[in-house]
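A.B. asks: Encoded as structure tokens, here's the structure I'll be asking about.
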């Protein structure tokens with residue numbers, strides 16, 4: 001079978017949840033992804049509003065959410081790296097973004 005004839009595999013989907021807590025000066029984001037193996041990976045991000053900035057909750061959510069997703073990505077890379085090493089029985093180079 002040629003590469004063009006390779007049957008498609010079932011796609012896997014992940015749902016990432018983001019929740020926010022806000023006050024007048026700070027936004028906290030919590031990110032969660034549930035993996036098919038039953039594991040959950042969680043991360044957090046924060047944003048602080050400078051006193052001279054106008055109150056724009058959406059901007060705080062975007063900054064805090066992006067930081068939480070960045071941390072989530074790094075945790076997933078670390079998890080994958082650890083699983084590669086465990087399966088191979090050797091130490092590999094760390095995965096990076």
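Numbering (UniProt numbering), first residue to last: 1 to 97.
Don't be surprised by glycine CBs; every beta carbon is placed ideally from N, CA and C.
(1) Counting C-beta neighbours from all protein chains within 10 Å, is the total for residue 90 16 or more, i.e. buried, or is it exposed?
(2) Grab me the residues of residue 22's own chain with a C-beta within less than 8 Å of its C-beta, minus the 5 sequence neighbours each way, in chain order.
(3) Residue 16 by DSSP, collapsed to three states: which one?
(4) Using the Cα positions of residue 55 and residue 68, report the straight-line distance between them to the nearest angstrom.
(5) Cβ of residue 45 within 8 Å of Cβ of residue 71?
(6) What do you get for residue 100, buried or exposed, if any count of 16 or more other CB atoms within 10 angstroms of its CB means buried?
(7) Between residue 17 and residue 35, which are expected to be in contact by the criterion C-beta below 8 Å, what is the C-beta distance as a whole number of angstroms?
(8) Rounding to the nearest angstrom, what Cα-Cα distance links residue 149 and residue 43 in this structure?
(9) Please report the distance separating the alpha-carbon of residue 81 from that of residue 11.
(10) Output the distance between the C-alpha atoms of residue 84 and residue 78, rounded to the nearest integer angstrom.
C.D. replies: Judging by the given coordinates:
(1) Taking the first residue of the chain shown as position 1, residue 90 is located at position 90. Residue 90 comes out exposed.
(2) For this step, residue 22 is matched to residue 22 along the chain shown. For residue 22, where only same-chain residues beyond five positions count, the Cβ hits under 8 Å are 28, 57, 60 and 61.
(3) Position 16 of the chain shown, counted from the start, is the residue given in the question as residue 16. In this structure, residue 16 counts as strand in the three-state DSSP scheme.
(4) For this step, residue 55 is matched to residue 55 along the chain shown. For this step, residue 68 is matched to residue 68 along the chain shown. Straight-line Cα distance between these residues: approximately 21 Å.
(5) For the purposes of this step, residue 45 is taken as residue 45 along the chain shown, with counting starting at 1. For the purposes of this step, residue 71 is taken as residue 71 along the chain shown, with counting starting at 1. Yes.
(6) Since the first and last residues shown for the chain are 1 and 97, residue 100 lies out of range.
(7) For this step, residue 17 is matched to residue 17 along the chain shown. For this step, residue 35 is matched to residue 35 along the chain shown. Actually they are not in contact, since the Cβ atoms of residue 17 and residue 35 sit about 13 Å apart, beyond 8 Å.
(8) As displayed, the chain neither begins before 1 nor continues past 97, which places residue 149 out of reach and without an answer.
(9) Working through the chain shown from its first residue, we reach residue 81 at position 81. Working through the chain shown from its first residue, we reach residue 11 at position 11. Their Cα atoms are separated by approximately 22 Å.
(10) Numbered from its first residue, the chain shown carries residue 84 at position 84. Numbered from its first residue, the chain shown carries residue 78 at position 78. Residue 84 and residue 78: Cα-Cα distance of roughly 10 Å.
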